[in-house]
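See structure below.
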Amino acid sequence: MIKRLSGKVKIESLRNHPVADVQGLQRLLASGTDAATDPHHKNFYEVEDDGRVFYLYISPVNGEVRLMAVWQANASPEVARAARACCAA
Numbered sequence: 000m001i002k003r004l005s006g007k008v009k010i011e012s013l014r015n016h017p018v019a020d021v022q023g024l025q026r027l028l029a030s031g032t033d034a035a036t037d038p039h040h041k042n043f044y045e046v047e048d049d050g051r052v053f054y055l056y057i058s059p060v061n062g063e064v065r066l067m068a069v070w071q072a073n074a075s076p077e078v079a080r081a082a083r084a085c086c087a088a
């Protein structure tokens, strides 16, 4: 399922991601972007841009965005799975 995300939001980086990654995600969300719903974890999404995949959680209560992981879009499925696994319960 694809969800359209847009708007200016504060992004919390739970794993101390580089500022460039956080700013890149802020730019994407401010301009509007499509996000793929993680079918295994409620309220988790993947957003792809510029060769990177951002894995994020959006609180259904207050709409806060938490950047959980970032990986290269061309990474192996094992790398993507490991990045997701460290973040979602």
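Taking numbering that gives the first Met the number 0, the leading residue of the sequence shown gets 0, the next gets one more, and so forth. All C-beta atoms, glycine included, are put in the ideal place defined by N, C-alpha and C.
Exercise for review: Verify whether the separation of the beta carbon atoms of S12 and L66 is less than 8 Å.
Suggested key: Cβ atoms of S12 and L66: closer than 8 Å.
Review point. Are L28 and V8 close, meaning C-beta to C-beta below 8 Å?
Key: Remark: C-beta atoms of L28 and V8 approach each other more closely than 8 Å.
Point to revise | Three-way DSSP call (helix, strand, coil) for S12 in this model | key: Correct three-state label for S12: strand.
**Study point:** Buried or exposed by the 16-neighbour rule on C-beta atoms within 10 Å, applied to A72
**Key:** The residue is exposed, with fewer than 16 neighbouring Cβ atoms inside 10 Å.
**Study point:** Collapsed DSSP secondary structure at D20 in the structure displayed
**Key:** DSSP places D20 in helix when its eight states are reduced to three.
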